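Peer 1: I have a structure here, written as structure tokens, and I will follow up with some questions on it.
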Amino acid sequence: MGQAAGPALGLAGLVVLVVGTFLPWLDSGRAQRNSYETGGALKRLLGLRGLADAAVSAWPFVALVCAGIVAIFAVGLRRSAASLALLTALATGAVAVAALRVDGNRFIQPVKLGPIVTLVGATAVLVAATLLLISARLLRIPRRSTI
Amino acid sequence: MTQPPPGWPNGEPPDPQRGGWQPPPAPGGPGGWPQQPPAPGAWQAPQFAPQQPAAPGGWPQQPDPGQYGWPAHQPGSPQPQGSWESLGGPVYPPQPRPRGRGKLIASAAVVVALAAGGVTTYIAMSDSNSNGASSPRDAVQSIVTDLNKSDLIGVLDDLAPGERRALANPALEEIKQLKRLKVLLPNADPNNVSGVKFHVQGLTFADKTVPINDRVQVVQLTGGTLDVSSDAAKIPFTREFLDAAFPHGLPTGGNQTQHIDIAQVMRDSNNNQPIRIATQKVGGNWYPSIFYTIADSAAGKEVPTAADSIPAAGGTSPQDAVTKMVNALLKSDYTGAIKLLSPDEFAVMHDYGGLLLQGAGGGTPSGSTLKDLQVKTEQVSGGVTRVTLSSVTVVTGADETTVKVDGSCVDVTAKGQQKRMCASDFVTQIVSFLEGFGVSAHVTPAQQQSLEDLLTGFTKVGVDTTQSDGKWYLNPARSVFDVTSSVLSGLQDNDLLELFRFFASLGN
Chain A
1 MGQAAGPALG LAGLVVLVVG TFLPWLDSGR AQRNSYETGG ALKRLLGLRG LADAAVSAWP
61 FVALVCAGIV AIFAVGLRRS AASLALLTAL ATGAVAVAAL RVDGNRFIQP VKLGPIVTLV
121 GATAVLVAAT LLLISARLLR IPRRSTI
Chain B
1 MTQPPPGWPN GEPPDPQRGG WQPPPAPGGP GGWPQQPPAP GAWQAPQFAP QQPAAPGGWP
61 QQPDPGQYGW PAHQPGSPQP QGSWESLGGP VYPPQPRPRG RGKLIASAAV VVALAAGGVT
121 TYIAMSDSNS NGASSPRDAV QSIVTDLNKS DLIGVLDDLA PGERRALANP ALEEIKQLKR
181 LKVLLPNADP NNVSGVKFHV QGLTFADKTV PINDRVQVVQ LTGGTLDVSS DAAKIPFTRE
241 FLDAAFPHGL PTGGNQTQHI DIAQVMRDSN NNQPIRIATQ KVGGNWYPSI FYTIADSAAG
301 KEVPTAADSI PAAGGTSPQD AVTKMVNALL KSDYTGAIKL LSPDEFAVMH DYGGLLLQGA
361 GGGTPSGSTL KDLQVKTEQV SGGVTRVTLS SVTVVTGADE TTVKVDGSCV DVTAKGQQKR
421 MCASDFVTQI VSFLEGFGVS AHVTPAQQQS LEDLLTGFTK VGVDTTQSDG KWYLNPARSV
481 FDVTSSVLSG LQDNDLLELF RFFASLGN
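Chains as they are written, first to last, in my numbering: chain A, 1 to 147; chain B, 1 to 508.
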């Protein structure tokens with residue numbers, strides 16, 4: 001039960017995380033934008049450079065990374081999958097939290113739905129990955145031998 | 001201390017040469033142990049050479065884990081250390097390979113996951129890069145659609161990249177400053193925030209576009225209607241701002257609507273000619289262009305030729321570009337000045353430059369020369385380097401004038417005399433100036449401070465420069481749009497509200 005719950009939670013979390021990135025993140029007038037449209041528009045409008053530019057450019061690959069995690073897990077590399085999932089959950093969760101903290105202005109309002117769903121997914125992935133890593137570590141500890 | 005085994009004389013091992021105990025020879029060696037299994041129940045030594053094939057009839061290849069009380073070793077976990085390790089550890093049979101069905105399911109999961117991830121990433125990339133249109137007419141239609149939705153982000157994003165960057169950063173920065181200065185509410189309904197709504201419908205276009213060059217085409221509107229409604233009450237001003245700026249309440253008649261029939265405009269004020277909107281091709285996509293539309297109108301719809309083109313020639317650094325620009329302007333060398341304009345933001349001037357200068361006529365040199373120019377540079381958003389003045393020395397005939405910026409003060413040296421003017425001095429002069437016109441201008445200490453902060457903000461106004469193909473150019477549009485936010489950046493807390501109170505009180 002416990003061993004199956006981690007991967008199931010992780011898989012569900014990854015799906016929710018990716019779905020959240022396609023939900024509305026920004027209102028502008030009567031138009032709504034998902035996280036990718038928002039990131040692309042901000043990149044073009046603000047002429048982002050350096051780390052911000054790299055982060056926004058990498059954002060569309062979130063779904064591919066999530067798929068990669070599932071694939072790595074499927075081939076049996078559970079600890080690698082859990083480690084990558086942990087990093088992905090932390091990164092996407094940080095982006096979602098940052099989006100939730102942004103103030104609106106005269107023309108543009110951030111929408112909470114997309115970031116919240118992404119954050120929920122990231123939290124589930126975080127928990128699942130942590131459980132998997134802990135259980136993998138516990139299994140590695142040899143029992144004391146009695147001769 | 002370790003005790004010697006019992007039976008050793010004097011605690012030392014017996015000497016074999018004197019008839020003592022001898023260690024047994026190696027198994028299988030001459031005179032060694034017999035090659036046969038030990039008796040049932042007898043102790044069996046573990047194999048010393050794992051993986052060594054057993055001789056027919058030899059010892060068992062491995063002990064039964066747990067047979068001697070050892071813990072069963074888990075495959076995949078590290079070997080336990082210690083005496084057990086020194087014996088070579090247990091030998092296990094090779095793990096059974098995953099069943100074919102399990103491998104098949106895992107392979108299918110990998111394929112499905114990667115396929116789903118690939119498709120999703122493709123959609124995400126498309127969303128992220130959805131920008132520009134495939135034709136000039138689609139570009140115009142796109143910005144009209146976004147205007148209808150009051151979608152500011154969409155409208156800015158529809159513009160040609162150079163113009164978009166010139167407008168977007170200053171606009172967003174200005175909004176940020178106005179929120180900081182308590183003029184705009186921090187949150188507002190985005191459907192009503194602008195206070196201005198557009199509704200365009202039934203647009204019709206001329207069959208053909210007018211090509212200006214291989215990168216610019218003009219779309220001609222022949223019909224359709226535009227309704228613009230503005231309601232000042234819907235702009236999300238703060239209560240503090242409304243009280244400061246309109247102490248007697250908002251003026252009535254703030255809600256206005258205008259209906260424009262494009263066909264009628266063509267008939268009444270455009271000699272029955274279509275409305276022209278220029279579009280620019282950048283990176284294979286088409287965008288509406290404000291600057292090309294203005295240039296097309298200013299040139300009287302005349303199409304520039306290759307001879308009108310003024311190629312870009314930038315400076316080696318932001319300072320160098322600004323110095324060259326000042327020198328060009330002092331000499332009224334407008335062609336030289338246009339060369340220094342950013343080809344990304346102001347490509348229009350490089351295309352239309354010759355044509356526009358023909359109409360403007362040549363200027364006369366100022367008679368002044370630049371002796372020295374000291375500037376400060378600052379990185380601002382969007383890869384822009386802002387150049388602000390530190391000091392400048394200009395020679396006019398025999399006279400030399402130096403202006404030096406020192407915090408909120410300016411030192412002016414002319415004809416051997418130096419004068420220092422600070423923000424507080426300017427405020428006193430402004431008040432005297434107003435009172436000279438009979439305007440009652442009582443300045444409270446808070447308003448005095450606000451005016452000083454406002455004037456200090458002017459010292460932060462500069463020229464924005466960007467790099468293109470390794471050379472530095474001036475960005476005039478961005479520089480102009482940045483003036484407001486630069487000035488506002490000098491204001492603190494209630495400064496802007498105090499200024500509005502001051503101007504509202506004038507004449508009372």
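Cβ atoms here follow ideal geometry from the backbone N, Cα and C, with glycine treated the same way. Only a predicted model underlies this, so the values are computations on that prediction, with no experimental measurement involved.
1) Find the nearest neighbour of B/S440 within the set B/F502, B/W472, B/M421, judged by alpha-carbon distance.
2) Taking the CB atoms as reference points, tell me whether A/W59 and A/P115 lie closer together than 8 Å.
3) Check B/Q177 in the structure and name its three-state DSSP category.
4) Can you tell me which of A/R44, A/G6, A/A89, A/R137 puts its alpha carbon nearest to the alpha carbon of A/V120?
5) Please name the residue or residues paired with A/S28 in a DSSP beta bridge.
6) In or out: B/H350 buried (at least 16 other Cβ within 10 Å) or exposed?
7) Buried or exposed: which applies to B/S142, given that a residue is buried once 16 or more other Cβ atoms fall within 10 Å of its Cβ?
8) Pick helix, strand or coil for B/F346, following the three-state DSSP scheme.
9) Report the rounded CA-to-CA distance for B/T145 versus B/V403, giving the unit in angstroms.
10) What residue from B/Q319, B/Q201, B/G314 has the CA that sits closest to B/A263's CA?
11) From the DSSP output, read off the bridge partner residues of B/S368.
12) Excluding the five sequence neighbours on either side, which residues of its own chain have a C-beta within less than 6 Å of the C-beta of B/V196, listed in chain order?
13) Go ahead and pull the three-state DSSP assignment for B/Q273.
14) For the candidate residues B/E302, B/Q448, B/E452, B/A477, whose alpha-carbon lies nearest to that of B/G462?
15) Which of the three DSSP states, helix, strand or coil, is assigned to A/V114?
16) Would you give the residue range spanned by the beta strand (DSSP E) that B/F205 belongs to?
17) To the nearest angstrom, report how far apart B/T401 and B/C422 are at their CA atoms.
18) Answer with buried or exposed for B/E378, where buried requires no fewer than 16 other C-beta atoms within 10 angstroms of its C-beta.
19) Roughly how many angstroms lie between the CA atoms of B/E163 and B/S130, to the nearest whole one?
20) Is the Cβ of A/A12 closer than 8 Å to any Cβ of chain B?
21) Secondary structure at B/P211, three-state DSSP: helix, strand or coil?
22) Applying the criterion that 16 or more other CB atoms from any shown protein chain within 10 Å of the CB defines a buried residue, is B/I277 buried or exposed?
23) In chain A, which residues lie with their C-beta within 8 Å of the C-beta of B/A347?
24) Using a Cβ-Cβ distance cut-off of 8 Å, determine whether A/L46 contacts chain B.
25) Answer with yes or no whether the minimum CB distance from A/L64 to chain B is below 8 Å.
26) Give the residues of chain A in contact with B/T121, contact being defined as C-beta atoms less than 7 Å apart.
27) So, under 8 Å CB-CB, B/N169 and B/G382 are touching, yes? Tell me the CB distance rounded to an integer number of Å.
28) Since I believe B/E498 is in contact with B/V447 (beta carbons under 8 Å), could you give me their beta-carbon distance rounded to a whole number of angstroms?
29) Roughly how many angstroms separate the alpha carbons of B/A504 and B/F481, rounded to a whole number?
30) Assess contact between the stretch 8-18 of chain A and the stretch 61-72 of chain A, defined as three or more Cβ pairs (one per stretch) separated by less than 8 Å. Is contact present?
31) Using a Cβ-Cβ distance under 8 Å, would B/N131 count as near chain A?
32) Under DSSP, the alpha helix (DSSP H) around B/I310 begins and ends at which residues?
33) How about the stretch 313-326 of chain B and the stretch 292-303 of chain B: do they share at least three Cβ pairs that are nearer than 8 Å?
34) I need the straight-line Cα distance from A/V117 to A/A41, nearest angstrom please.
35) Helix or strand or just coil, what does DSSP make of B/T444?
36) In the DSSP assignment, the beta strand (DSSP E) including B/R420 goes from what residue to what residue?
Peer 2: On the basis of the data shown:
1) Residue 440 of chain B sits at position 440 when you count from the first residue of the second sequence. Comparing Cα positions, the closest option is B/F502.
2) Counting from 1 along the first sequence, the entry for residue 59 of chain A is found at position 59. Counting from 1 along the first sequence, the entry for residue 115 of chain A is found at position 115. No, they are not a contact pair.
3) Your numbering for residue 177 of chain B matches position 177 in the second sequence. It is helical.
4) Numbered from 1 along the first sequence, position 120 holds the residue referred to as residue 120 of chain A. Closest by alpha carbon: A/A89.
5) For this step, residue 28 of chain A is matched to residue 28 along the first sequence. In DSSP, A/S28 forms a bridge with A/A31, A/I108.
6) As a working mapping, residue 350 of chain B is identified with position 350 in the second sequence. Buried: at least 16 other Cβ atoms inside 10 Å.
7) In the second sequence, residue 142 of chain B corresponds to position 142, counting from 1. Counting every other CB atom within 10 Å of its CB across the protein chains shown gives B/S142 a total of 16 or more, marking it as buried.
8) Taking the second sequence and counting its residues from 1, one reaches residue 346 of chain B at position 346. DSSP places B/F346 in coil when its eight states are reduced to three.
9) For the purposes of this step, residue 145 of chain B is identified with residue 145 of the second sequence, where counting begins at 1. For the purposes of this step, residue 403 of chain B is identified with residue 403 of the second sequence, where counting begins at 1. Straight-line Cα distance between these residues: approximately 50 Å.
10) Indexing the second sequence from 1 puts residue 263 of chain B at position 263. Considering only B/Q319, B/Q201, B/G314, the residue with the shortest C-alpha distance to B/A263 is B/Q201.
11) The sequence position of residue 368 of chain B within the second sequence is 368, counting from 1. Answer by DSSP bridge pairing, in chain order: B/T396.
12) In the second sequence, the residue the question calls residue 196 of chain B occupies position 196. Once the five neighbours on either side are set aside, the close Cβ partners of B/V196 are S230.
13) For the purposes of this step, residue 273 of chain B is taken as the residue at position 273 of the second sequence. For B/Q273, the secondary structure class from DSSP, reduced to helix, strand or coil, is coil.
14) In the second sequence, counting from the first residue as 1, residue 462 of chain B sits at position 462. Between B/G462 and the set B/E302, B/Q448, B/E452, B/A477, the nearest pair of CA atoms involves B/A477.
15) For the purposes of this step, residue 114 of chain A is taken as the residue at position 114 of the first sequence. Note that residue 114 of chain A corresponds to Gly in the displayed sequence, not to Val. When secondary structure is reduced to three states using DSSP, A/G114 falls in the helix class.
16) Counting from 1 along the second sequence, the entry for residue 205 of chain B is found at position 205. Bounds of the beta strand (DSSP E) holding B/F205 are 196-205.
17) Indexing the second sequence from 1 puts residue 401 of chain B at position 401. Indexing the second sequence from 1 puts residue 422 of chain B at position 422. Each residue's Cα considered, the two are about 18 Å apart.
18) To locate residue 378 of chain B, count along the second sequence from 1; it is residue 378. Under this definition B/E378 is an exposed residue.
19) Within the second sequence, the letter at position 163 stands for residue 163 of chain B. Within the second sequence, the letter at position 130 stands for residue 130 of chain B. Those two C-alpha atoms are separated by around 18 Å.
20) Translated into the one-based positions of the first sequence, residue 12 of chain A becomes position 12. Taking Cβ atoms only, chain B never reaches closer than 8 Å to A/A12, which makes this a no.
21) For the purposes of this step, residue 211 of chain B is taken as the residue at position 211 of the second sequence. In the three-state scheme derived from DSSP, where H, G and I count as helix and E and B as strand, B/P211 is classed as strand.
22) In the second sequence, counting from the first residue as 1, residue 277 of chain B sits at position 277. Burial is judged here by how many other beta carbons sit within 10 angstroms of a residue's own beta carbon; B/I277 has at least 16 and is buried.
23) As a working mapping, residue 347 of chain B is identified with position 347 in the second sequence. Here the premise fails: no neighbours, minimum Cβ distance about 16 Å.
24) Mapped onto the first sequence, residue 46 of chain A falls at position 46. Yes - at least one Cβ of chain B is within 8 Å of the one on A/L46.
25) If you number the first sequence from 1, residue 64 of chain A lands on position 64. For A/L64, the closest Cβ of chain B is nearer than 8 Å.
26) As a working mapping, residue 121 of chain B is identified with position 121 in the second sequence. Within chain A, the residues placing a beta-carbon under 7 Å from that of B/T121 are P60, F61, A63, L64, ordered along the chain.
27) Taking the second sequence and counting its residues from 1, one reaches residue 169 of chain B at position 169. Taking the second sequence and counting its residues from 1, one reaches residue 382 of chain B at position 382. Under the criterion of beta carbons closer than 8 Å, B/N169 and B/G382 qualify as touching, at roughly 5 Å.
28) On the second sequence, position 447 is the one that residue 447 of chain B refers to. On the second sequence, position 498 is the one that residue 498 of chain B refers to. In the sequence as displayed, the identity of residue 447 of chain B is Gln instead of Val. In this structure B/Q447 touches B/E498 by the C-beta definition: roughly 5 Å separates them, less than 8 Å.
29) Position 504 of the second sequence, counting from 1, holds the residue named residue 504 of chain B. Position 481 of the second sequence, counting from 1, holds the residue named residue 481 of chain B. Rounded to whole angstroms, B/A504 to B/F481 spans 26 Å at the Cα level.
30) Counting Cβ pairs under 8 Å, three or more are found: they touch.
31) As a working mapping, residue 131 of chain B is identified with position 131 in the second sequence. Residue-level contact by beta carbon holds for B/N131 and chain A, with a gap shorter than 8 Å.
32) Position 310 of the second sequence, counted from the first residue, corresponds to residue 310 of chain B. Looking at the DSSP string, B/I310 is not in any alpha helix (DSSP H), and its letter there is neither H nor E.
33) Verdict: no, contact absent.
34) Residue 117 of chain A sits at position 117 when you count from the first residue of the first sequence. Residue 41 of chain A sits at position 41 when you count from the first residue of the first sequence. Approximately 21 Å, taken between the alpha carbons.
35) Reading the second sequence from its first residue, position 444 is the one you call residue 444 of chain B. In this structure, DSSP gives B/T444 a state outside helix and strand, which the three-state scheme calls coil.
36) As a first step, residue 420 of chain B is located in the second sequence; it is residue number 420 there, counting from the start. In this chain, the beta strand (DSSP E) harbouring B/R420 covers 417-422.
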